[in-house]
Structures are given as C-alpha cells and as structure tokens.
Amino acid sequence: MRRIVKFVVMIATLAALAFAVVFIGVRQGREHREESLRTYLVSLSEASGDELAVAELVENVEISSTRSKEEFWTGLSLGQSEAVVRAPVHFRYYVRISERFTVSATDEVVVITAPRVRLFHPPSVVTSGLQTTIADSWFSASGGQLRDAAIASLTSQATLVGNSPQTLDLARRAAAGAISRFASAWLLREGLGQRAVVVRFAEQAERDH
C-alpha cells in the first residue's frame, strides 16, 4: 500500500512539474512574441520615439454662438447676433509602444490587444477651409466679435471633438487596420507565414470586463 501511495505521489509530482514547464514555456514564448513585435514597431517610419501613429481623420468642426441685446429699461428684445464658424480639422492618433501589446496566436489567427488609442495634441485646423457666417439685427451688431471668439476657440473645441466617443470609435477602426498591416508584415519577417490578424484595444478590453 505504501508503495502505491508513493507511486501516486510521484506521478502527481511529475505531472505538476510537467505542467509548470509547459506553462513557463508558453509564457516565455508569448513574452518573446510581444517583445519581438514591439521591437519591430519601433523600427517603422510611423514610429516617433514612444509614439506609433496609427490613424488619421478629417472631420468638420462647427461652432455656433449667439448674443441677444435687450432694451435697458424695459427688457424688450432688440434682436440678436449670431456667428457660425466651420472648418475641417485633421486629427492624428497614436498608441504608446512602451505600453503592453498582448499577442495570442494559433495556427490560423493572431489576436493582438494593443494599448489605448490617444489623440495627438493639438489637432490641426485646416484654415484654408475655414467658413464663417454672421447674422446681425439692426440694434445688435456683435456678430464680428462672436466670430473672432469662435475662431480663437476652434482648437480647444476640436480637441473635445477628437476625444469624443464617436470620433474615437472611428479612430480605433482605422488604427485596427494599421496595426493589422504592421502585424502581418511582422509575422512574415518572423517566418510565421500569413495568418488572420484580429486587433482590439486596451480600452475595449476594459469595457468588456
């Protein structure tokens, strides 16, 4: 009986050691892939220091501002001025190479979880496409002031638009395509052949959990 118990214990110990060896090997393999991918991304022309450019968008940003004027004694409306400023804005997005990329691979599919997509600051207002509209009433003529103030605030307003959930979703779609292309080239360089590449981002993984 004692021999049987010792044999069972020995088998269990060997199984545990084998599992540990396999687990460590898998982890080291994954870490090697992730470091290899990161090294490849640093070498790309789209990389500048720690920042890898992954998406570019052009969206129209519009600011509308109104100001009413009232008669001092009676409070009666004397009309209002309105100014509308519209301009195309160039948004660029990046991920930080130093932040973690996780790589899970099978024979057919590689799944990459990339770092959070961030907006380059400041976004670039395309001044050649700037359009302004002013509407003044007879007794209210401050449309020019409203226009100038709106133009001055275009960059800050554009930053809000660039970081909005809707615009970030568009940026992530474009970024996923870019990172997929980078990863496909990396796989070929590593001699791993062509595989389907699925890209998701850290913020999406956090949201799913």
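Per our numbering, the sequence shown starts with residue 110, numbered consecutively. Note that the Cβ used here is the ideal one computed from N, Cα and C, for glycine as well.
Quick one, which of 142, 303, 253 and 172 has its alpha-carbon nearest residue 196's?
As a position in the sequence shown, residue 196 is number 87, starting the count at 1. Looking at the Cα atoms, 172 is the closest of the given residues.
Just reading off the alpha helix (DSSP H) that residue 266 is part of, what are its end residues?
In the sequence shown, counting from the first residue as 1, residue 266 sits at position 157. Counting along the chain, the alpha helix (DSSP H) containing residue 266 begins and ends at 263–271.
Leaving out five residues before and five after residue 192 in sequence, what residues of the same chain have Cβ atoms less than 6 Å from its Cβ?
In the sequence shown, counting from the first residue as 1, residue 192 sits at position 83. These residues qualify, in order along the chain: 174, 243, 252, 255, 256 and 259.
In angstroms, rounded to a whole number, what distance separates the CA positions of residue 204 and residue 272?
As a first step, residue 204 is located in the sequence shown; it is residue number 95 there, counting from the start. As a first step, residue 272 is located in the sequence shown; it is residue number 163 there, counting from the start. Distance between the alpha carbons of residue 204 and residue 272: 14 Å.
Compute the Euclidean distance between the alpha carbons of residue 238 and residue 287, then round it to the nearest angstrom.
Locating residue 238 in the sequence shown gives position 129, where the first residue counts as 1. Locating residue 287 in the sequence shown gives position 178, where the first residue counts as 1. Near 28 Å, if we compare the C-alpha coordinates of residue 287 and residue 238.
Leaving out five residues on either side along the sequence, give the residues of the same chain with a beta carbon under 6 Å from the beta carbon of residue 240.
Numbered from 1 along the sequence shown, position 131 holds the residue referred to as residue 240. 195, listed in sequence order.
Between the beta-carbon of residue 200 and the beta-carbon of residue 228, is there less than 8 Å?
Indexing the sequence shown from 1 puts residue 200 at position 91. Indexing the sequence shown from 1 puts residue 228 at position 119. Going by C-beta atoms, residue 200 is nearer than 8 Å to residue 228.
Between residue 295 and residue 149, what straight-line distance do the alpha-carbon atoms span, to the nearest angstrom?
For the purposes of this step, residue 295 is identified with residue 186 of the sequence shown, where counting begins at 1. For the purposes of this step, residue 149 is identified with residue 40 of the sequence shown, where counting begins at 1. Spanning the two alpha carbons is a distance of roughly 7 Å.
Inspect the CB distances between the segment 297–317 and the segment 216–227 and report whether three or more fall short of 8 Å.
yes
Express the C-alpha separation of residue 306 and residue 166 in angstroms, rounding to a whole number.
Against the sequence shown, residue 166 aligns to sequence position 57. Against the sequence shown, residue 306 aligns to sequence position 197. Their backbone Cα atoms lie some 23 Å apart in a straight line.
Assign residue 236 to one of two classes, buried (16 or more other C-beta atoms within 10 Å of its C-beta) or exposed (fewer than that).
Residue 236 sits at position 127 when you count from the first residue of the sequence shown. Under this definition residue 236 is an exposed residue.
If you run the structure through DSSP and keep just helix, strand and coil, what is residue 166?
Reading the sequence shown from its first residue, position 57 is the one you call residue 166. In the structure shown, residue 166 sits in a strand (DSSP, three-state: E or B).
Hey, residue 281 and residue 218 are a contact pair by Cβ (cut 8 Å); roughly how many whole angstroms apart?
Your numbering for residue 281 matches position 172 in the sequence shown. Your numbering for residue 218 matches position 109 in the sequence shown. Contact doesn't hold; Cβ gap of about 19 Å is too wide.
Using a Cβ-Cβ cut-off of 8 Å (strictly less than) and excluding sequence neighbours within five positions of residue 169, which residues of its own chain qualify?
In the sequence shown, the residue the question calls residue 169 occupies position 60. Result list for residue 169: 195, 196, 197 and 198, in chain order.
Here's a check: name, in chain order, each residue in its chain whose Cβ is nearer than 7 Å to the Cβ of residue 155, leaving out the five neighbours to either side.
Numbered from its first residue, the sequence shown carries residue 155 at position 46. Once the five neighbours on either side are set aside, the close Cβ partners of residue 155 are 161 and 162.
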